[in-house]
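Read in order, the letters of the sequence shown correspond to residues 2 to 412 in my numbering. Read through the structure below, which is laid out as structure tokens, and then see the notes.
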Amino acid sequence: MKRVYAVIRDLRVKAHRMKLITLINSCSLSGALLLVVPLLFSCVDEGGVYTSDAYHTCESMENLLFEISAEHRDITELEPVGPTVEGRTIWAMTISDNPRINEMEPRVRLVAAIHGDENISTEVLLRLIRYLTDSYAHDPAVKYIVDNTSVLIIPMMNPDGVAHRTRYNASGVDLNRNFDVAWVPAENHGATPFSEPESISLKEFSEDIVFHCSASFHSGAVVVNMPFDYARESDGVIPGEYPLVEFLAKTYSTSGRFLETEGLVDSVYVDSGTINGGDWYIIYGSLQDWSYIRTGCIDVTIEIARHNPDTLQGIEEVFDRNRESLLAYIASARIGIFGSVVDSNGYPIAGVRVSVEDGDITTVTDRDGYYWKLLLPGNYVITFSAEGFSDFSEEVEINAAPVQLPVMLVE
Ligand SMILES: [Zn+2]
Numbered sequence: 002m003k004r005v006y007a008v009i010r011d012l013r014v015k016a017h018r019m020k021l022i023t024l025i026n027s028c029s030l031s032g033a034l035l036l037v038v039p040l041l042f043s044c045v046d047e048g049g050v051y052t053s054d055a056y057h058t059c060e061s062m063e064n065l066l067f068e069i070s071a072e073h074r075d076i077t078e079l080e081p082v083g084p085t086v087e088g089r090t091i092w093a094m095t096i097s098d099n100p101r102i103n104e105m106e107p108r109v110r111l112v113a114a115i116h117g118d119e120n121i122s123t124e125v126l127l128r129l130i131r132y133l134t135d136s137y138a139h140d141p142a143v144k145y146i147v148d149n150t151s152v153l154i155i156p157m158m159n160p161d162g163v164a165h166r167t168r169y170n171a172s173g174v175d176l177n178r179n180f181d182v183a184w185v186p187a188e189n190h191g192a193t194p195f196s197e198p199e200s201i202s203l204k205e206f207s208e209d210i211v212f213h214c215s216a217s218f219h220s221g222a223v224v225v226n227m228p229f230d231y232a233r234e235s236d237g238v239i240p241g242e243y244p245l246v247e248f249l250a251k252t253y254s255t256s257g258r259f260l261e262t263e264g265l266v267d268s269v270y271v272d273s274g275t276i277n278g279g280d281w282y283i284i285y286g287s288l289q290d291w292s293y294i295r296t297g298c299i300d301v302t303i304e305i306a307r308h309n310p311d312t313l314q315g316i317e318e319v320f321d322r323n324r325e326s327l328l329a330y331i332a333s334a335r336i337g338i339f340g341s342v343v344d345s346n347g348y349p350i351a352g353v354r355v356s357v358e359d360g361d362i363t364t365v366t367d368r369d370g371y372y373w374k375l376l377l378p379g380n381y382v383i384t385f386s387a388e389g390f391s392d393f394s395e396e397v398e399i400n401a402a403p404v405q406l407p408v409m410l411v412e
């Protein structure tokens with residue numbers, strides 16, 4: 002029964018994606034899209050008052066994404082992640098030099114507005130999309146990022162929440178409590194882990210693509226919050242690859258002007274603008290704990306502002322304070338070891354587990370057999386394992402530049 006349900010759900014998601022992709026491909030003129038999109042999508046402004054009209058609704062964000070997608074087809078791909086409770090669409094834009102080709106690059110996922118009332122997070126990621134796409138042709142730092150990483154941006158993870166001006170989705174669930182690591186039943190946590198279309202869509206989408214590094218953006222405070230959320234570093238519960246997590250988190254917090262932001266969390270546990278999630282306050286079923294533990298993708302939760310600014314100038318200021326951090330964070334995913342894994346006939350093997358001795362991040366090869374394991378400089382024993390094949394281990398010295406290691410597994 003479970004399997005039948007999974008197949009039906011899979012078909013439903015695929016049908017949803019197909020419908021939208023057909024629409025995207027059939028309309029090449031952004032002008033035409035501006036007319037068509039509002040009629041076909043249920044993403045309409047339902048009224049209510051923002052403190053400022055400078056914020057995007059789900060509808061105006063869709064229009065903007067279609068516009069950018071049409072302007073920069075060579076370096077962007079827009080695709081649906083899945084549907085929401087009320088039938089809106091969660092959109093993802095990939096920015097990379099060959100966005101429709103799977104390349105051996107680290108894949109970085111950035112997510113905003115998983116809480117629907119934290120609108121500044123959407124604005125910052127939309128500005129990042131604009132910045133990356135508009136600067137690609139003339140800014141060498143941006144060109145480096147776009148040519149050497151695959152950046153996938155989900156600027157509005159909870160469009161129903163945005164439409165209704167609420168933290169929760171349309172079923173009243175806090176999506177950042179609906180993932181399956183240390184999930185506990187409680188009001189607003191959902192009936193079960195992944196009970197919500199938004200969270201299950203992100204799960205299936207992420208498992209399909211295989212991400213290596215990620216961040217989700219929030220407001221209400223200012224701090225870079227690191228795994229784990231479900232337990233405290235001060236009680237000795239930390240990720241096995243914590244130095245790497247801290248390196249990435251501090252890359253974000255110490256680059257550019259992030260630390261100048263008013264309202265940095267005041268706690269003895271804050272170190273250079275970073276904090277262990279549990280030492281701040283414990284939560285269960287969070288996205289970042291799931292990303293780290295279940296998918297082998299380092300994830301941090303970045304609180305970028307105390308409030309949604311009242312003015313356009315205030316929004317621009319928040320983006321300005323985060324721009325260098327965003328670029329540095331994405332660029333820093335390009336560390337460690339990467340390559341492809343094939344069988345003795347030279348065919349790629351998907352789903353090969355890649356891990357290091359004493360580590361707790363297990364990434365897997367994607368559908369083309371490609372892997373990318375983020376590592377700080379040092380000496381490591383890397384192990385590749387897959388069902389039906391003998392394990393393969395190799396000792397590797399990692400320096401600042403990533404090391405390419407092609408692997409053949411023997412049956
Ligand atoms: Zn939040």
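The C-beta atom is built at its ideal place from N, Cα and C for all residues, glycine as well. Only a predicted model underlies this, so the values are computations on that prediction, with no experimental measurement involved.
E124 has its Cβ no nearer than 6 Å to any heavy atom of ligand 1. For E60, the uninterrupted alpha helix (DSSP H) run begins and ends at C59 to E72, by DSSP. For E78, the closest C-alpha among the options D148, F67, V86 and E325 is that of F67.
Taking each of D267, S273, F248 and S268 in turn and checking the Cα distance to L260, the smallest one comes out for S273. Rounded to whole angstroms, the separation of the alpha carbons of S70 and E317 is 22 Å. Fully enclosed alpha helix (DSSP H) runs of no fewer than 4 residues occupy 278-281 and 288-296 of the stretch 257-309, in order along the chain.
According to DSSP, residue pairing for G379 in a beta bridge involves I399. By the Cβ-count criterion, L313 is exposed, with fewer than 16 other Cβ atoms from all chains shown falling within 10 Å of its own Cβ. DSSP, reduced to helix, strand and coil, places Y132 within a helical segment of the structure shown. Ranked by Cα distance from G117, the first of L377, R335, N309 and V411 is N309. Relative to A232, the option among L153, S386 and W281 whose CA is nearest is W281. Within the stretch 86-169, the runs of beta strand (DSSP E) that reach at least 3 residues and sit entirely inside it are, in chain order, 90-96, 108-113 and 151-155.
Not a single heavy atom of ligand 1 lies less than 6 Å from the C-beta of H165.
The alpha-carbon of L376 is positioned some 35 Å away from that of P84.
Fully enclosed alpha helix (DSSP H) runs of no fewer than 4 residues occupy 313-332 of the stretch 302-355, in order along the chain. With a 10 Å radius around the Cβ and a threshold of 16 neighbouring Cβ atoms, D300 comes out buried. Within 10 angstroms of the beta-carbon of Q289 lie 16 or more other beta-carbons, which makes it buried. In the three-state reduction of the DSSP assignment, A232 falls in the coil class, being assigned neither a helical nor a strand state.
Proximity of the stretch 168-181 to the stretch 126-146 falls short of the contact definition, fewer than three beta-carbon pairs being nearer than 8 Å.
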